[in-house]
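Here the structure comes first, spelled out in structure tokens, and everything after it is commentary.
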RNA sequence: GGGCGGUUAGCUCAGCGGUAGAGCACUACGUUGACAUCGUAGUGGCCACUGGUUCGAUCCCAGUACCGCCCA
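In the working numbering, the protein residues as written are 3 to 969.
Below is the structure:
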């Protein structure tokens, strides 16, 4: 056997992945010891429309590390795969596909035929991301792949499963407990998809907008036939009057003039003295045909901010969430103006009839009741798009001179004549607007009938579970976010006006009574003799993903998996779905099975580009993990993401980082290759492979201790979810200890009396290193494992080491650190004095204590080789020599007559200055009486010892300097 | 406006009571039995600012500035 010069990731990864799959290596319980504890993770289900992005790569790498780590410890591991059906996104993908194929739009399809099309699409293209996860090396139990729509009516063969049953069962259960209800509420409406969406699916973005200022004339007093007037008074902070005028109008500001048509009131703050005289009076909405102008009341409410705009706010309860609240509090009717596409309504009563009824309501002559039939859109605006209607309203009001105006002065450049003009006051200013996160269109608040989960009723157990530690969220700061959201929770809109999803299991009879049951037959049994119609809406996808932990394990059946793996151990996820998903899973699992879904939640950051910018298609800075895998291999990508996964930090990723870690893979590969070339893995004695050697030589004893330290640090880091520490610790051990020192130390030993034990030790250390690295870099380690011995199982099922401090030999440790220090000292002195790297120098022992002599005697050949010196001999420092100090010893290196005394003096003085600076700091501390009085005695002792060491070091350097000067 | 973070070497980040570390980058040297995807040595920091607590603060506390993110 001989190894190639580098690891060929491209060919090896496919081969190894196939071998794992053939061996069923990731199946639940694979490699489990008898009686081992269970460890389970459910994957955050990617959208069925999704493909692997860098966030998935991070998320699944971290899960895979935990899973492989536990599996190698012999635990009973399940990593549950699956996808969610992504209602809106999937429907959108298939609608687009049909359009591209020249087929009719969805509304012209039969519902069943359309969902059949989606199922067809799902079976052809829905598995993309699963294949991509395999390329990443994710060790999910593929045989258990789940889907949030499995088992739904109409699902094709191969999509049988319990998920639909679970979802329906939970809905019925929660309905029966009064936790789900239907009601007419203001919800976020997506005019593109023509469906309600939850507030979490709305993105608020600041966009350039306009604020118009309009005058609402006060009503005409029927007694006098004149418009009402009032004294409008403005005062400064000291109460001095700054403006006083008589007005017959109230001025309001709005960013949405088209909604004026549906105004139900004008509101001012109760403390606002400017408008106190007219609260309770009526004013006129200044749009629409003159003969149908409506009067609305001026009311007082806490909502308006007196300092904002004019301080008066128009109230359109059916089209704004804040206004809705004001309308509810004050009994103001909610007039709907828009249809489901975001155009002005053209249904309902005529505008004349509507205006008449609305007028009666405003004057208190009629109870508001259900105002759904009232359509206050004037005839000539019916059917207009919302933005067209806005232009029309603004133009009409301005033409009528009811816009608030300012005097615009223009001086003619040629004639110098002044031209004065009244212009409408329009502030161009950024406004926050809601957008649908899927459609990208502006969301409309709409008054519609929807289904809600009464979240305030089920939220407390989810809060308590984290409060009392049954579920732990890491990093801790996210607990605050979690609590804050749950403590201020709003009802959750769960109905969607879509076809792709779990249809709501509620039927209505002729009178609109509701019958909720798991099937039509059962609903019919509840309503004997009545004709039932099923609610056409489907459930929010997150309602089903909320049941992911129990649903994937077979609930509502009482399966062995559910008993074995639930609650799951750890959920690994991004902070962006703490609300969407984590909090809802907590609420729902607790509501349905009375148990937390997971014990730990590890929240990782968002992968950014190397400059720290969010990746986005529009910025063009998206990094495709598959490109990186193609270019460098999956292991370097995984290692890079892991080493950047510091808790609470966003990884900043660039290709050069991955390249650097590809070099790390090459480094391990070549260390192994070196070992292999030196017969390290050749024919071990029977039974010797994998057995821990018991070497005598300090070098071998030392590296075993370092291996144990690495193992302790690694397990500690992984147990604390400090993935970056795990990766960086292994990097330091493999590169800094194993390759830089141990391999170099071993070279001379291969020819001596310790050759046998050195080969055995090196074989063991490399085996340990790849075992420990396997969870982070599964491919290259599996390959090395196969190349370096006859194995009875793959490394994916390798035995996780359990050794620790007992392998650390203090004596070997001290001695090798001394040797390393000496070699570094000699190298440093040589380099600074410009001694050619190839030149071999004498090593003169000027002075040495017993320990130093023993260390030197035991490791002579190592020092000679790595410091490039001849065997040490006793002697005096003298002309042409440079000085090197090591603990308990000083050395001199003759570098010939050409020694640059000045350079050597500079070098030593620099070293001395450093030492003295450190020493004086310590001395200052020790001489401070308060330190002596208050500090821990142990600390004082340590400080003294450190100072003594520094003093000794300084004295040695000073001696060398003196000698240099005397020559 | 409310909340949560961050500010440490040129860059990316660790450290979080005892006077600062890593990787990358940079400089010089170098093909010594695996590795140039490499080796050796080095340069580089008022640990954002201002106070406080403490024998001692990069670390704890309070405030300020700037930069992010989330929610209004």
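Glycine included, every Cβ here is placed at the ideal spot set by N, Cα and C.
Note that the coordinates shown come from a computational prediction; the quantities given were computed from them, not determined experimentally.
Name the DSSP bridge partner or partners of residue i?
{"i": "residue 959", "result": "Residue 959 is not bridged to any residue."}
{"i": "residue 535", "result": "510"}
{"i": "residue 557", "result": "Residue 557 pairs with nothing; no bridge assigned."}
{"i": "residue 741", "result": "Looking at the DSSP assignment, residue 741 forms no beta bridge with any residue, so it has no partner."}
{"i": "residue 297", "result": "286"}
{"i": "residue 235", "result": "246"}
{"i": "residue 701", "result": "BP columns for residue 701 are empty, so no partner."}
{"i": "residue 408", "result": "425"}
{"i": "residue 589", "result": "Paired residue(s): none; residue 589 is not in a bridge."}
{"i": "residue 186", "result": "451"}
{"i": "residue 219", "result": "251"}
{"i": "residue 431", "result": "211"}
{"i": "residue 655", "result": "611"}
With residue i and residue j assumed to form a contact (beta carbons below 8 Å), what rounded beta-carbon distance in angstroms separates them?
{"i": "residue 814", "j": "residue 700", "result": "4 Å"}
{"i": "residue 34", "j": "residue 76", "result": "6 Å"}
{"i": "residue 544", "j": "residue 582", "result": "6 Å"}
{"i": "residue 154", "j": "residue 486", "result": "Contact doesn't hold; Cβ gap of about 35 Å is too wide."}
{"i": "residue 851", "j": "residue 872", "result": "In fact, because the Cβ distance is near 22 Å, the residues do not count as touching under 8 Å."}
{"i": "residue 16", "j": "residue 635", "result": "Going by Cβ atoms, the distance from residue 16 to residue 635 rounds to 11 Å, so no, they are not a contact pair."}
Look at the alpha carbon of residue i and the alpha carbon of residue j, and state the distance between them as a whole number of angstroms.
{"i": "residue 811", "j": "residue 698", "result": "11 Å"}
{"i": "residue 512", "j": "residue 279", "result": "51 Å"}
{"i": "residue 616", "j": "residue 68", "result": "27 Å"}
{"i": "residue 826", "j": "residue 866", "result": "12 Å"}
{"i": "residue 78", "j": "residue 801", "result": "14 Å"}
{"i": "residue 216", "j": "residue 265", "result": "13 Å"}
{"i": "residue 955", "j": "residue 961", "result": "10 Å"}
{"i": "residue 721", "j": "residue 433", "result": "47 Å"}
{"i": "residue 431", "j": "residue 311", "result": "13 Å"}
{"i": "residue 877", "j": "residue 864", "result": "21 Å"}
{"i": "residue 938", "j": "residue 924", "result": "15 Å"}
{"i": "residue 762", "j": "residue 681", "result": "10 Å"}
{"i": "residue 613", "j": "residue 656", "result": "9 Å"}
{"i": "residue 309", "j": "residue 213", "result": "15 Å"}
{"i": "residue 148", "j": "residue 92", "result": "17 Å"}
{"i": "residue 89", "j": "residue 122", "result": "15 Å"}
{"i": "residue 357", "j": "residue 261", "result": "15 Å"}
Use the C-beta contact count for residue i: other C-beta atoms within 10 angstroms, 16 or more gives buried, fewer gives exposed.
{"i": "residue 684", "result": "exposed"}
{"i": "residue 588", "result": "buried"}
{"i": "residue 66", "result": "buried"}
{"i": "residue 448", "result": "buried"}
{"i": "residue 421", "result": "exposed"}
{"i": "residue 294", "result": "buried"}
{"i": "residue 869", "result": "buried"}
{"i": "residue 838", "result": "exposed"}
{"i": "residue 693", "result": "exposed"}
{"i": "residue 819", "result": "exposed"}
{"i": "residue 277", "result": "buried"}
{"i": "residue 13", "result": "exposed"}
{"i": "residue 941", "result": "exposed"}
{"i": "residue 409", "result": "exposed"}
{"i": "residue 479", "result": "exposed"}
{"i": "residue 206", "result": "exposed"}
{"i": "residue 268", "result": "buried"}
{"i": "residue 678", "result": "buried"}
{"i": "residue 658", "result": "exposed"}
Using a Cβ-based criterion (distance less than 7 Å to any ligand heavy atom), does residue i qualify as near the ligand ADP?
{"i": "residue 363", "result": "This structure lacks the ligand ADP, and indeed carries no ligand of any kind."}
At least three beta-carbon pairs within less than 8 Å, the segment 325-344 to the segment 187-197:
yes
Does the segment 440-458 come within contact of the segment 254-274, defined as at least 3 CB pairs closer than 8 Å?
no
Pairing CB atoms from the segment 40-52 with CB atoms from the segment 548-567, are three or more of them under 8 Å?
yes
Taking three-plus beta-carbon pairs below 8 Å as touching, is the segment 483-501 in contact with the segment 194-212?
yes
For the segment 626-646 and the segment 119-130, state whether three or more C-beta atom pairs, one from each stretch, are separated by less than 8 Å.
no
Flag this pair as touching only if the segment 351-361 and the segment 370-385 have three or more C-beta atom pairs under 8 Å; answer yes or no.
yes
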